[in-house]
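As numbered in numbering that gives the first Met the number 0, residues 0 to 117 make up the sequence shown, in order.
Read through the structure below, which is laid out as structure tokens, and then see the notes.
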Amino acid sequence: MKAEIKVTINGKSWTAVLEDTPSVRSLLERLPLTLTMQELNGNEKYYRFSDSFPTKEERVERIYAGDLMLYQSQYLVLFYEDHPTSYRYTRLGQLKNPAGLAEAVGSGTVKISFEQVS
Numbered sequence: 000m001k002a003e004i005k006v007t008i009n010g011k012s013w014t015a016v017l018e019d020t021p022s023v024r025s026l027l028e029r030l031p032l033t034l035t036m037q038e039l040n041g042n043e044k045y046y047r048f049s050d051s052f053p054t055k056e057e058r059v060e061r062i063y064a065g066d067l068m069l070y071q072s073q074y075l076v077l078f079y080e081d082h083p084t085s086y087r088y089t090r091l092g093q094l095k096n097p098a099g100l101a102e103a104v105g106s107g108t109v110k111i112s113f114e115q116v117s
């Protein structure tokens, strides 16, 4: 069964539907989290954990706004713009309706909260 979490940025919330994978289970064990996520490339926010997640990397080829992924084994990445990519990621999930996400995250660092939906 796929889990859902609430992602909150600057008072606005989205629901993310997550995959049923060891990577996601590891993320769920850490919730609730509020992370200060860094800007990268004008299309993503990321946070580096000090420990590793289990991974199943794949070449995704295309990123969509609202994709939530792991880069390598320690970087949680939330994408806010669609774009092609040659990088490999472990898929975690996707925001159901990412409308307004780019505006909410802004252009610099941002605090993002992740919590399970009850």
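From the three backbone atoms N, C-alpha and C, an ideal C-beta is built for every residue, glycine too.
Predicted model, so just to flag it, every value in this text is computed and none were measured.
{"Asked": "Rounded distance between the beta-carbons of I111 and L34, thought under 8 angstroms", "Found": "6 angstroms"}
{"Asked": "Residues bridged to D81 [DSSP beta-bridge criterion]", "Found": "Bridge partners of D81: none, in fact."}
{"Asked": "Y46 and L75 closer than 8 angstroms at C-beta", "Found": "yes"}
{"Asked": "Y86 versus G10: straight-line alpha-carbon distance, rounded", "Found": "31 angstroms"}
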